[in-house]
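Undergrad:
In full-length UniProt numbering, the protein residues as written are 1 to 226.
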């Protein structure tokens, strides 16, 4: 059935305007973004079939360009719009955390770091720089590597900490494999950075590892001292 034949309160765009985006399903949200369907399939059916094929909204949005462009209803323009949406979301979260008066909770920090790193297909290393009251100053990805390794240089972490006049920081990296358990190299790196940064009176509050599921806090797991 053509979506124009649906009752107004069942059409995704009208439902969003009347009741808010939060009431829409993943398929309905994607349908709003796609805007139109394809021959023989309305936009909601198209959106639902795409999510089923890819295994969910996150996997769909993070799929590579070639895979998406093979799908009906996804051309270069629509692909560009989806990528812009993802980047807007990341920048919104970045500005939100940097303007926060203080860190709300360790869980909030982990959610933020996950949103910044989970889309990365290769291993990356970043720092959330904090002031003397542990308010966010800046977030930066400092190093990028391969699918399972990134070379980290403590000297550069020290340099960026001085540039931001940071009093403390939270370091983070991702495991593209999905397993967030720290390796012995992760533990050794964290201790090395703590020692190097202590020389300039900058505290390392935690090392967060982002994989599938909930990010891992090395401090909470007892791998490093707080």
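In this text, a Cβ means the ideal position worked out from N, Cα and C, and glycines have one as well.
Nothing here was measured: the structure is a model prediction, and the numbers come from that model.
In the DSSP assignment, find the beta strand (DSSP E) that holds residue 140 and state where it starts and stops.
TA: 136-144 is the extent of the beta strand (DSSP E) around residue 140.
Undergrad: Tell me whether the beta-carbon of residue 127 lies closer than 8 angstroms to the beta-carbon of residue 169.
TA: Contact flag set, yes.
Undergrad: Name, in chain order, the residues that DSSP records as bridge partners for residue 208.
TA: Paired residues: 172, 217.
Undergrad: Measure from the alpha carbon of residue 134 to the alpha carbon of each residue in 109, 145, 117, 16, then state which is nearest.
TA: Nearest option by C-alpha distance: 109.
Undergrad: So what's residue 20 in DSSP terms, helix, strand or just coil?
TA: In this structure, residue 20 counts as coil in the three-state DSSP scheme.
Undergrad: Measuring from the CB of residue 14, is there a heavy atom of the ligand HEM at a distance below 7 angstroms?
TA: Within the structure as shown, the ligand HEM is missing, as the structure has no ligands at all.
Undergrad: Measuring CB atoms only, is the region 33-51 touching the region 17-24, in the sense that at least three cross pairs come out at less than 8 angstroms?
TA: With a cut-off of 8 angstroms, the region 17-24 and the region 33-51 do not count as touching, because too few Cβ pairs lie within range.
Undergrad: For residue 127, which residues does DSSP report across the bridge?
TA: Answer is 140, 171.
Undergrad: Along the chain, which unbroken stretches of the alpha helix (DSSP H) at least 4 residues long are found entirely within the region 59-91?
TA: Taking only runs of at least 4 residues, the alpha helix (DSSP H) segments lying wholly in the region 59-91 are 65-69.
Undergrad: Between residue 164 and the rest of its own chain, which residues show a CB-CB distance below 8 angstroms, the 5 nearest in sequence each way excluded?
TA: Excluding positions up to five away in sequence, the list reads 129, 137, 138.
Undergrad: What are the residues that DSSP puts in a beta bridge with residue 38?
TA: Answer by DSSP bridge pairing, in chain order: 41.
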